[in-house]
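What follows is a single structure, written as structure tokens, with notes after it.
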Amino acid sequence: MYGLVADAYLPSLRTLTRTALIAMPNSNSAGQIYLYGLLQAYEAEIAGEVYFTVLANVFPDSGQYEKLMRLAEVEHRTSTILQPLIERHRLKPLDRAALAARGENWVKQRAFRQWHDLMKNMTTRYPGFIKKFKILEAEGPDEDKRALNVLVRHEAALLAFAEQEMTGAADSLSPIRDFLSDTRSASRRA
Ligand SMILES: [Fe+2]
């Protein structure tokens with residue numbers, strides 16, 4: 006358990022400056038690396054919701070605005086479902102304002118002005134996230150696995166959406182709608 010997670014997250018862990026989870030008692034380093042991966046994923050979902058919401062105003066075309074707001078909803082749903090894991094493991098995420106600033110910075114740094122460039126970025130980068138999240142799912146404790154599977158599926162839905170946009174599919178939002186529909190009850194339980 007946790008071996009693959011170590012491979013995926015050790016470079017980040019080396020630069021870790023916040024030590025809330027490192028200070029957890031009775032936790033081995035492999036477990037800490039898993040928790041670090043979980044915390045990173047959770048924080049990225051909150052920042053990601055802001056990212057897509059801000060982007061929606063960069064792409065004021067009504068169809069694109071609507072699509073980006075649905076992607077923001079996917080991120081929100083995912084963070085909601087991960088929240089109980091964060092509490093169970095007593096992790097200390099950055100506060101919402103700091104994570105919102107992170108999402109806004111992503112928009113500034115990437116400076117997308119063309120829809121195609123944004124979709125291309127998603128199809129290029131998201132397979133790597135799926136791989137990372139699958140490792141978390143495989144190596145996380147049993148009680149975390151259902152939420153971790155949602156984490157994997159949300160990224161797969163975002164990727165499928167972007168791929169369909171790239172090919173000009175008529176209903177690119179269908180994987181997003183499916184994800185939101187499939188996870189609605191899980192988010193109520195969270
Ligand atoms: Fe996400």
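First residue of the sequence shown: 6, per the numbering used here; consecutive thereafter. Glycine residues also receive a C-beta, built at the ideal position from the N, C-alpha and C atoms. As the structure is a prediction and not an experimental result, all values here were calculated from the model.
Go to residue i, then tell me how far its alpha helix (DSSP H) extends in each direction, as first and last residue.
i: residue 134; result: 120-144
i: residue 150; result: 150-171
i: residue 85; result: 67-93
i: residue 113; result: 101-115
i: residue 187; result: 179-187
i: residue 174; result: Run containing residue 174: none; DSSP gives neither H nor E here.
i: residue 60; result: 34-63
Can the beta-carbon of residue i be found closer than 8 Å to that of residue j?
i: residue 196; j: residue 165; result: Past the boundaries of the shown model lies residue 196; the chain is included only from 6 to 195, so the question cannot be answered.
i: residue 61; j: residue 70; result: yes
i: residue 144; j: residue 56; result: no
i: residue 112; j: residue 63; result: yes
i: residue 152; j: residue 90; result: yes
i: residue 75; j: residue 178; result: yes
i: residue 109; j: residue 84; result: no
i: residue 156; j: residue 184; result: no
i: residue 52; j: residue 130; result: no
Inter-stretch contact (C-beta, 8 Å, three-pair minimum) for the region 128-142 and the region 160-175: yes
Segment contact flag, the region 113-130 with the region 93-101, C-beta cutoff 8 Å, min 3 pairs: no
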